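Read the structure below first, then the notes.
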Amino acid sequence: MARRSSGGFGLIILGFIVGGPILIGQKIFEGDPTVIAVVAGAIALLIGWKITSKRHGERQAEEAQKQVLSIVDQHKEALVKLHRQKVYKGDYGELRFEAFEKEIRYFFHNVLLPEMNVSCGILQLPEFYQYVVAAVYSVVGDAEPIGVDLDAIPSDPFEFEYWTADVLCQSGWDAQATQGSGDQGSDVVAKYHDHTCIIQCKLYKSAVGNKAVQEVDAARTFFDGDSAVVVGKSGYTRSAKQLAHKNGVLLLDVSDLPQLSSILKLE
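Last residue of the sequence shown? That's 267 in UniProt numbering, and every number before it is there in order.
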């Protein structure tokens, strides 16, 4: 019997390595869990085969994969949230993954690699990085649905304020959007028993900066609020995080809105 050529298998591997993360990301965005699971599993297995075929040995490769899965799982919550924040539709309706891919590179170099305890040779393999990417997308795809329907988020910033108030009302708050009432930097005023929370809503495609933090902090003083919150869906700049920490302002992702009372330790 003629020996089957291995070239086809190599092309499959190459195709998954090049296109796999993008395909998984798109199917996650479209909400196709079956395709997510199949493609993520295929990528992991194929890349795993590539790693174990290297001269570093199967045992070292298996240990590396085990450590990767453990580290990725430890940071699952942050990775899922960052995926929601960083993957978005562009001006032409296309999906934009650049920001999330940049976040994966940061995670790889600054979080995962320092925690790895295997041969440096394995860590330097291009296939190893692709395995990490596949593991991240797999974890994101397996994430449990959150309490907020992200597809229902309005595209209009003013409607987003009313939407935020509605989500809070459904979670036990007495919340009202403040449009047209001289809001003084507050988009939503929400009450939970005796606690008053002042909220700024930012429907940006890019990270929210210092200005929102400054405005909601001032609004908290004006309204005699107990807490100040900025809510958005695209993350926050480093300087905004630093200023918020100093001023006691909470920076919230939209997916966290139903848990606001718990986050503020009001329950």
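Just so it is clear, CB atoms sit at the ideal spot from N, CA and C, and this is done for glycine as well.
These numbers were taken from a predicted model, which means no experiment stands behind them.
query	result
Mind listing, in chain order, the continuous beta strand (DSSP E) runs of no fewer than 3 residues lying wholly within the UniProt domain "Restriction endonuclease type IV Mrr" (156–259)?	174–177, 188–192, 195–202, 227–232, 249–253
Please classify Tyr92: does DSSP put it in a helix, a strand, or coil?	coil
Please report how far the alpha carbon of Tyr236 lies from the alpha carbon of Leu260, in whole angstroms.	18 Å
Give every residue of the same chain whose Cβ lies closer than 6 Å to the Cβ of Ala228, excluding the five residues on either side of it in the sequence, and list them in chain order.	Ile198, Val216, Asp217, Arg220, Val249
How many Å lie between Leu257 and Ala99 at the Cα?	23 Å
Answer yes or no: do Ser234 and Val208 have a C-beta to C-beta separation smaller than 8 Å?	yes
Can you give the beta carbon distance from Tyr131 to Val68, rounded, assuming they're within the 8 Å contact cut?	6 Å
For Leu123 versus Leu113, is the C-beta distance shorter than 8 Å?	yes
Using 10 angstroms around the beta-carbon of Phe222, count the other beta-carbons present and answer buried if the total reaches 16, otherwise exposed.	exposed
Pick out whichever of Ser186, Lys211, Gln74, Lys66 has its Cα sitting closest to the Cα of Glu161.	Ser186
Look at the alpha carbon of Arg96 and the alpha carbon of Lys205, and state the distance between them as a whole number of angstroms.	11 Å
Helix, strand or coil: which one does DSSP assign to His75?	coil
Using alpha carbons as the reference points, say which of Asp253, Tyr92, Leu264 lies closest to Trp173.	Leu264
Does the separation of the CB atoms of Lys211 and Gly232 fall below 8 Å?	no
Taking the alpha carbon of Gln170 as the reference point, which residue from Arg59, Tyr192, Thr196 has its own alpha carbon closest?	Tyr192
On the three-state DSSP scale, how would you describe Ser262?	helix
Taking only three categories from DSSP, how would you classify Glu267?	coil
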